[in-house]
Structure formats: structure tokens, C-alpha cells
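The sequence shown runs 158 to 301 under this note's numbering. Glycine is no exception: its CB is placed at the ideal position from the N, C-alpha and C atoms.
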Amino acid sequence: MSIKVYTDGACRGNPGPGGWGVFIIYNDSTKELFDGQKETTNNQMEILAAIEALKYLKDEEQEITLYTDSNYVRKGITEWIGNWKINNWRTSSKKPVANKELWIELDKLTLNKKITWNWVKGHSGDPGNDRADQLANFGADNVS
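As C-alpha cells, then:
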């Protein structure tokens, strides 16, 4: 059985105060993580949520199923990052990759892990995504 992880980011202003939230379900128990930053973007918080989830699970050997409502995160880590690395952290239009340091950290955390990345529609009634969203908003509220 895999560990289910729901991640989300929130931002007031974009840029502005923001937060990230993680809701983990494993072994019939749950874990909630959240925090925030005074000056950030929504995309940074979305990536950071995935980073913090994988940091928390760094010693886990079970398969991880990660759910995000951010196609930026899902496509970034599953489709785009290989070309970014080949192209010296440049996009297909030759521009520097935004949030490069966060992408590098996320990429390192995925090494030697079996992770399935899934997109889930935000605010659609998915209980795990809804809880991650609440946690991300708690994180944003705690710094604003």
C-alpha cells in the first residue's frame, strides 16, 4: 500500500505572504504539515509543499502517491525537469527556469523514491486536497 500525500500552496497577492500545506495518509494514520513565508509566490509555495512532504518522508521506502492541484509542479517534475537540466536550467524558449533552486531541491528528494505524481482539480471536493488547501491557508495566515 502506498503512502498518500496531498500538497497545496497559497499566496495572498502573488507575490505576497504565502503558505504551504501537506496532508499525509499512511498506516491508518495522518500527518499534517504547514508553514508560510512573508514574501513568496503561489508557485514557490506549491513546490515547497512537495519538498516538505518528501523531506518528512525521506526515510520511507514505501511507494508514495502524491496529489497536487498544481500542473506546474506535476509537469515540472515529471515532464520538464529533464530538459531543463540538459539545457543548463533554461526553458524551451531559452529563458532561465523560474524557481530553479526549489526545483533542484525537489529533484534531489525524488532520487531513489518511487513516486507517482497525480493532478487533482483544486476546490472540487477531494477531502485530501481540501485539507492540504486549509493547511496552506493556515501557513499563509500565520505570516500575514
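Asked: To the nearest whole angstrom, what separates the beta carbons of TYR213 and LEU190, a pair I think is in contact under 8 Å?; Found: 6 Å
Asked: Is PRO284 helix, strand or coil when you go by DSSP?; Found: helix
Asked: If I'm right that ASP298 touches GLY178 with Cβ under 8 Å, what's the distance once you round it to whole angstroms?; Found: ASP298 to GLY178, Cβ: 11 Å. No contact.
Asked: Exposed or buried, which one is SER227 when buried takes at least 16 other CB atoms within 10 Å?; Found: buried
Asked: Helix, strand or coil for ASN240 per DSSP?; Found: helix
Asked: Would you kindly work out how many angstroms separate the C-alpha atoms of ARG247 and THR197, rounded to a whole number?; Found: 22 Å
Asked: Excluding five sequence neighbours on each side, which residues of the same chain lie with their C-beta closer than 7 Å to the C-beta of GLU218?; Found: none
Asked: Between the Cα of GLU236 and those of ALA210, LYS215, LYS251, ASP264, spot the shortest distance and give me the residue it belongs to.; Found: ASP264
Asked: Buried or exposed: where does ASP216 fall if 16 or more other Cβ atoms within 10 Å of its Cβ makes it buried?; Found: exposed
Asked: Three-state secondary structure (DSSP) at ASP264?; Found: helix
Asked: Whose C-alpha, out of GLY282, GLN201, LEU292, is nearest the C-alpha of LYS257?; Found: GLN201
Asked: Does GLU217 come out as helix, strand or coil in the three-state DSSP assignment?; Found: coil
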